[in-house]
Amino acid sequence: MAYQISGTSQWKLAGVAFDLQMWCWGCDIKQSEGNLLMEYGFLRSPFPHSNADSHMKNAKPPSTYHLATSRFTVSLGGWGALLSKDDTPTIFIRRDGFKPVLLPRVVHTNIHQLDDLPVEYFENSHTLPELTNEFIRFFENYEEWVLHTKGACYRHECGQKWIKKSPQISAQRLRAYWGELGQILQTAGVAS
Numbered sequence: 236m237a238y239q240i241s242g243t244s245q246w247k248l249a250g251v252a253f254d255l256q257m258w259c260w261g262c263d264i265k266q267s268e269g270n271l272l273m274e275y276g277f278l279r280s281p282f283p284h285s286n287a288d289s290h291m292k293n294a295k296p297p298s299t300y301h302l303a304t305s306r307f308t309v310s311l312g313g314w315g316a317l318l319s320k321d322d323t324p325t326i327f328i329r330r331d332g333f334k335p336v337l338l339p340r341v342v343h344t345n346i347h348q349l350d351d352l353p354v355e356y357f358e359n360s361h362t363l364p365e366l367t368n369e370f371i372r373f374f375e376n377y378e379e380w381v382l383h384t385k386g387a388c389y390r391h392e393c394g395q396k397w398i399k400k401s402p403q404i405s406a407q408r409l410r411a412y413w414g415e416l417g418q419i420l421q422t423a424g425v426a427s
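For what it's worth, this note's numbering labels the leading residue of the sequence shown as 236, then goes sequentially.
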């Protein structure tokens with residue numbers, strides 16, 4: 236199945252896929268054989284108790300997960316995802332949509348909630364397309380690893396539990412979708 240850029244529809248579909256990706260990461264954390272994000276190489280960073288809101292005193296505070304590679308650093312949390320490369324700004328994709336923005340470079344381990352992110356962001360930077368494509372490749376590579384580690388049925392089961400099911404994208408097609416989106420954006424000159 237090929238995806239085509241037509242106005243904002245491609246970005247809307249990317250938003251659905253990213254929301255599903257976030258759901259799947261949540262499933263990967265909770266799956267019975269252990270935390271897949273940590274098995275992949277992410278480190279878990281618990282929410283600092285001193286920052287916990289009073290309404291969270293009886294609830295388990297959320298964690299953020301960080302992965303540092305030789306090429307980039309990625310952070311994932313219930314609020315969205317961050318990616319930094321070398322001395323570039325940080326790309327941020329907020330949960331519930333696919334609207335990548337560039338923030339000043341951040342220390343990933345200091346981010347636990349939206350309020351921890353810088354308020355300002357850069358518009359129309361030449362770095363945004365490159366980092367967007369890098370992020371998409373990360374999503375694709377992670378899903379490829381999950382497929383090889385857990386098998387196709389695992390992602391299908393994750394998708395079956397997703398309450399926002401969409402006829403446009405399924406959990407077992409996430410890897411292929413991210414690969415296709417990366418190709419489309421590269422061909423269109425949106426990302427390099």
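The beta-carbon is built from N, C-alpha and C at its ideal position, and this holds for glycine as well.
| said: Whole angstroms are fine: how far does the CA of N368 sit from the CA of E375? | reply: The count along the sequence shown starts at 1 and reaches residue 375 at position 140. The count along the sequence shown starts at 1 and reaches residue 368 at position 133. The straight-line gap from Cα to Cα measures roughly 10 Å.
| Should W260 and W397 be called a contact, given that it needs their Cβ atoms to be closer than 8 Å? | The sequence position of residue 260 within the sequence shown is 25, counting from 1. The sequence position of residue 397 within the sequence shown is 162, counting from 1. Taking 8 Å as the Cβ cut-off, W260 and W397 do not qualify as a contacting pair.
| Every unbroken alpha helix (DSSP H) within the region 254 to 288, with a cutoff of 4 residues, ordered by chain | 271 to 275
| task | Specify, as a first and last residue, the run of the beta strand (DSSP E) that I326 falls within. | result | Position 91 of the sequence shown holds residue 326. T325 to R329 is the span of the beta strand (DSSP E), which, as asked, contains I326.
| said: Taking 8 Å as the cut-off, does the region 343 to 356 touch the region 260 to 270 (at least 3 CB pairs, one atom from each stretch)? | reply: no
| said: Below 8 Å on the Cβ atoms is my contact criterion, and I expect A252 with Y412 to pass it. Report the Cβ-Cβ distance as a whole number of Å. | reply: The residue you call residue 252 lines up with position 17 of the sequence shown. The residue you call residue 412 lines up with position 177 of the sequence shown. At roughly 5 Å, the Cβ-Cβ gap stays under 8 Å, so A252 and Y412 are in contact.
| By Cβ distance, which residues of its chain are closer than 6 Å to G315, with the 5 residues on each side in sequence left out? | Within the sequence shown, residue 315 is the residue found at index 80, counting from 1. Taken in chain order, the residues that qualify are I328, R329 and R330.
| said: Buried or exposed, going by whether 16 or more other CB atoms sit within 10 Å of the CB of P335? | reply: Sequence index remark: in the sequence shown, residue 335 carries index 100 (1-based). Buried.
| Paired residues, beta bridge with H301 - DSSP | To locate residue 301, count along the sequence shown from 1; it is residue 66. For H301, which the question treats as bridged, DSSP gives the partners L278 and S310.
| Closest by C-alpha distance to H361, when choosing among P353, L337 and V381 | Position 126 of the sequence shown holds residue 361. The option with the nearest alpha carbon to H361 is L337.
| field | Strand pairing of A316, partner residues [DSSP] | value | Sequence index remark: in the sequence shown, residue 316 carries index 81 (1-based). Partner(s): L311 and I328.
| query | Are I404 and F370 close, meaning C-beta to C-beta below 8 Å? | reply | What you label residue 404 is simply residue 169 of the sequence shown in a count that begins at 1. What you label residue 370 is simply residue 135 of the sequence shown in a count that begins at 1. Against a cut-off of 8 Å, the Cβ pair of F370 and I404 comes out as no contact.
| request: Look at S280 and T299 and say whether their C-beta atoms are less than 8 Å apart. | output: Numbered from 1 along the sequence shown, position 45 holds the residue referred to as residue 280. Numbered from 1 along the sequence shown, position 64 holds the residue referred to as residue 299. Contact flag set, yes.
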